[in-house]
Amino acid sequence: MADTRKRTDGPTVETDSAWDFTALPDYDDDFYDPDDILAFASALSAPEPSPSEEDLLNPKKKQETEFITALNDWRPIHQKVRGQQKPNGATHTSTKAKRKRKQKRGRDETREGWTYSIVKYPFLLVVLGWIICLGVTYFATRLYIYFYEQKITWRGRRNRLRKQLRQQTSYQDWIQSAKALDKYLGSDRWKEDDDYAYYDSRTVRRVKEQMTDLRHKAMGEEAGAGSDMEGHRPVDELRVLAEACVKNNFAGTENTRLYSETYYGTKDLVQDYVEEVATSLKFLLNSQHLTLEDKRALAKHLSTNFGRTALCLSGGASFAYYHFGLAKALLDADLLPNIITGTSGGALVAALLCTRTDEELKKLLVPALAGRISACSEPITTWLPRWWRTGARFDSVDWARRCSWFCHGSLTFLEAYERTGRILNVSCVPSDPHSPTILANYLTAPDCVIWSAVLASAAVPGILNPVVLMRKNRDGRLGPYSFGHKWKDGSLRTDIPLKSLNLHFNVNFSIVSQVNPHINLFFFSSRGTVGRPVTHRRGRGWRGGFLGSAIEQYLKLDLNKWLKVLRHLELLPQPLGQNWSEIWLQRFSGTITIWPRTRASDFWYILSDPAMSRLAHMIHYGQLAAWPKLKFISNRMAIEKVIEDARESTRPATQALPTPMPDDRTVRNVLSAEDMQTLFARANDTHAAVEVPTEMYTPRKERSQSRHLHPDRAESPSLRHRFGIWFRQPSPRSSQETVRPSLAELRRAHSEHRRESVIEELRRQSGVFWDDPEADATASDTDADGHTTDEEALQDDDGDERHVGGSQVDGSGSLSETRGREQRGPGYV
């Protein structure tokens, strides 16, 4: 539930400390390594596309290979070249050679029909002219609706209460003003009436009463009244009922219309149902009458059906700074989701949210943060010649240095997830128009450096040239990712990647913060939105009346239709080699869509760094836009957090880890597949026990992060370090089993299954690296220390394959796991 008592609030925009830039965490640390920036610059200057396999296999052909590329996005590959001048000044050209010159094929062979060539431009002009007429009519319709609402509806006391609502600076005061406005409009009586056309009130009432009754009976039985026959206990019936009703939008209880009739809250029946479900789930998942396996299966089932919540931050250049206010409102209310995605400018905000802990973010989301935003600080005398020379206003290498602070250095997606427990997602579009986009996160691109993905997601043609994604190698050095191919702005195709989020993390509830200026005019909710009811007829009606809403809907659909016609018939030109139709036709909304109220002056500063006063305005209005949605979000998160906490507490310690855990020094994290192959080859050469090198004792995370950390400055402590091992760090949630246990579970599992020290375990396991059949025959029942063992025996039946503790070693020297993963502790490889 949202924290309305301000126990978790950070500094407000009026606080003096919020304007002190020296109070920002790590303000004086740039967090970038010059070697990383140099590697990025080298990758940008490498020829692209890369040479083919045929060129690499034929060294003699290398001299003939020529890499051809455009100077920039604005200038073509083939430039005009003046012909050689004869001594008498005439141009040396051959008419006969021109005739024999082979005619080039068209750029697209499907466009070579004579009908297409004749009809294309006349049809394009007609459609564009009609689109302009529709656009002007739509703009006039919106003006009519605006003046209808401002001059007719908002008058008298109603207007005074509305102004008072917009002047609040804290969530608690905003709630009081919202309740006063709801009471004046009569919405409190609407809350008391259970019936409503957009949800099944009878089913919700019956389920709520039955769940309450079963919970009371189960609590009495657990208090000592005894238990009935298995399967007829109240706790079992309550479990069956919970599995049936805890689903996404059960009986319409998550219908946005339920929260669009009032400024704060929803039906009393829906609110009581949500609270009862959360209470019953807490009781079930802590009941002594259910085994640990039953609780684990129940939590997994509920998580799959209920789904997860994600925060999606759109692009929009400097408009993206409104996202700071939205994030602050969610953070202060303790409602910030663990899954966050960002595109273009939103990717920068998402990177800041996912690389800092909660305590750090509360000190960072203040107006003083403007002191660290300096991406557009160059004067026109610097960027104008660069734009003329390269086709981009900003320099990619310079932006990499400035972006490193927001990404906490050269952290990868996996390292950021290990540090904060939040899952960062960044949309990137390949420069190749036919390749699919990627959603970079700790699953799809774990070793990808975050700041390179943020730059790629912000590479709008004409603003920033396409860049190369960078990955962190095992030694901590950076190298090109994905064969050195270049990537650009993700908002050109997938501004809000809902399909990918659902695929990877079972996300079916999305909170979208949308600030794209080119679609701001077309966002219109004719029947109101969450926390903002219709102004007409005391919230019961259509915005601008029925005719006004009907005309607006028709014009918008007709505009969308003709834009799709131009896209499918491929009539639109492609300036800078980019298909720009997707910036209008993709999906820009989610389950909850938040549109901060912008100003006309924001368009003038769209490519400028904000001053502290302007950033304070953006943070405040971002909070104002988010506060009406917090009640809906808190009801959703109240159930989701109970399920996620149950999955965390019931996850088995022996479950396979998809990724290494922070501060995990087990063999599974210490030795990688490459380390194992190296030790195996060394054992083959020496025919003796192999001593594990000391550098392999250090987990990969520490080895990769040791290079870019400041030598004289300690890393900013996280909540896990501040509160000790009793604080449970969040872990990933998904409908699959490939999620990792908590730190407390790992430590408990290690104490049960692991030997006395990691060093002894490594030395013991290194004894299996033998390749001498005679030694295998004589020592089949003896381990590396000379002690007899049955479970770890080395069996060599046919000379071609051997089994070592559930792992199979084939004749080629490769180690593949075949069985015994569930039976071994986390200290075994």
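Numbered according to the UniProt record's numbering, the sequence shown spans residues 1 to 829. Backbone N, C-alpha and C define an ideal beta-carbon position, used for all residues, glycine too.
Just to confirm my understanding: we take P11, look at its own chain, exclude 5 residues before and 5 after, and list those with CB closer than 6 Å. What are they? If you ignore the 5 residues before and after P11, its C-beta comes within less than 6 Å of the C-beta of S17, A18 and V366, all in its own chain and listed in chain order.
With DSSP collapsed to three states, give me the class of C463. According to the sequence displayed, residue 463 carries Ile and not Cys. Correct three-state label for I463: coil.
Would you call the stretch 296-304 and the stretch 238-246 in contact, with 3 or more CB pairs under 8 Å? Taking one beta carbon from each stretch, the stretch 296-304 and the stretch 238-246 have 3 or more pairs nearer than 8 Å; the two touch.
Taking CB distances under 8 Å as the criterion, tell me whether T437 reaches chain D. Given the protein chain composition of this structure (a single chain), no chain D is represented.
Here's the rule I'm using: 16 or more other beta-carbon atoms within 10 Å means buried, otherwise exposed. How should V119 be labelled? By the neighbour-count criterion, in which 16 or more other beta carbons inside 10 Å mark a residue as buried, V119 falls on the exposed side.
Counted within 10 angstroms of its Cβ, other Cβ atoms place A197 as buried (16 or more) or exposed: With fewer than 16 other beta carbons inside 10 angstroms of its own, A197 counts as exposed.
What is the DSSP secondary structure of D36, counted as helix, strand or coil? In the structure shown, D36 sits in a helix (DSSP, three-state: H, G or I).
Ranges of the beta strand (DSSP E) found wholly within the stretch 505-535, counting only runs of at least 3: Runs of the beta strand (DSSP E) lying entirely within the stretch 505-535, each at least 3 residues long, are 507-513 in chain order.
Tell me whether the beta-carbon of V246 lies closer than 8 Å to the beta-carbon of F306. In this structure, V246 sits near F306, with a CB-CB distance shorter than 8 Å.
Give the single residue among G135, Q623, H536 and S549 whose Cα lies nearest to the Cα of K151. The shortest C-alpha separation from K151 is found at H536.
Residues near residue 841 in its chain [Cβ-Cβ closer than 6 Å; skip 5 each side]: Nothing in the structure corresponds to residue 841, since the chain is present only between 1 and 829.
Cutoff 7 Å; reference A43; Cβ partners in own chain excluding five residues on either side: Sequence-distant Cβ neighbours of A43 in its own chain, meaning closer than 7 Å and more than five residues away, are V468, M470, P480 and G484.
With a CB to CB cut of under 7 Å and the five nearest residues on each side skipped, what residues in its chain are close to D20? Correct list, in chain order: A368.
Within 10 Å of its beta-carbon, does P379 have 16 or more other beta-carbons around it, so buried, or fewer, so exposed? With fewer than 16 Cβ atoms within 10 Å of its Cβ, P379 is classed as exposed.
Could you check where the alpha helix (DSSP H) with V366 kicks off and where it finishes? Per DSSP, V366 lies in no alpha helix (DSSP H) and is assigned neither H nor E.
Let's test the definition: count the other Cβ atoms within 10 Å of the Cβ of W388 and tell me whether it reaches 16, buried, or not, exposed. It is exposed - the Cβ of W388 has fewer than 16 other Cβ atoms within 10 Å.
Distance check for S170 and D9, CA to CA, integer angstroms please. Roughly 9 Å separates the two Cα atoms.
Can you tell me the Cα-Cα spacing of W383 and F394, whole angstroms? Taking the CA atoms as reference points, W383 sits about 7 Å from F394.
Could you compute how far the alpha carbon of V530 sits from the alpha carbon of K363? In a straight line, the C-alpha of V530 is about 29 Å away from that of K363.
For L521, is the classification buried or exposed, using 16 other Cβ atoms within 10 angstroms of its Cβ as the cut-off for buried? Flag for L521 reads exposed.
Mind pulling the beta strand (DSSP E) runs of 3 or more residues that sit fully within the stretch 278-316? As far as the stretch 278-316 is concerned, its whole beta strand (DSSP E) runs of at least 3 residues are 308-313.
Mark G220 as exposed unless 16 or more other C-beta atoms lie within 10 angstroms of its C-beta, in which case mark it buried. A residue is called buried when at least 16 other Cβ atoms come within 10 angstroms of its Cβ; G220 does not meet this threshold and is exposed.
Buried/exposed call for P436, threshold 16 Cβ in 10 Å: By the neighbour-count rule (16 or more Cβ atoms within 10 Å), P436 is not buried but exposed.
Judging by CA-CA distance, which residue of V126, Q168 and T115 is the nearest neighbour of E14? Measuring from the Cα of E14, the nearest candidate turns out to be Q168.
Residue range of the beta strand (DSSP E) that N425 falls in? Under the DSSP assignment, N425 falls in the beta strand (DSSP E) whose first and last residues are I423 to P430.
In whole angstroms, what separates the C-alpha of I132 from that of L557? Their Cα atoms are separated by approximately 14 Å.
I'd like to confirm the pairing. Which residues does DSSP put opposite P488 in its beta bridges? Pro is not the amino acid found at residue 488; the sequence shown has Lys there. Among the bridge pairs identified by DSSP, K488 is matched with V429.
The stretch 408-422 touching the stretch 350-359, judged by at least three CB pairs closer than 8 Å: The stretch 408-422 vs the stretch 350-359: in contact.
Whose C-beta lies closer than 7 Å to the C-beta of H289 among residues of the same chain, with five residues either side of it excluded? These residues qualify, in order along the chain: E222, S227, R233 and V235.
Tell me the DSSP bridge mates of C448? Its beta-bridge partners are R471.
Check T266 in the structure and name its three-state DSSP category. The answer is coil: DSSP assigns T266 none of H, G, I, E or B.
How many whole angstroms separate the CB atoms of P497 and L585, which I take to be in contact at a CB cut-off of 8 Å? A Cβ-Cβ separation of about 15 Å leaves P497 out of contact with L585 under the 8 Å criterion.
So L326 is in the alpha helix (DSSP H); what residue range does that whole segment cover? Here the alpha helix (DSSP H) through L326 covers Y322 to D332.
Three or more C-beta pairs below 8 Å linking the stretch 318-335 and the stretch 271-281: No, they do not touch.
Sequence-distant residues of the same chain with beta carbon closer than 6 Å to P59, five excluded per side: With a pLDDT of only 49 at P59, under the threshold of 50, the placement of this residue in the model should not be trusted; the figure read from the coordinates follows. Around P59, the same chain offers no residue with a beta carbon nearer than 6 Å, after the five sequence neighbours per side are excluded.
Does the distance from the CB of F505 to the CB of I643 come in under 8 Å? I643 sits away from F505, with the two beta carbons spaced by 8 Å or more.
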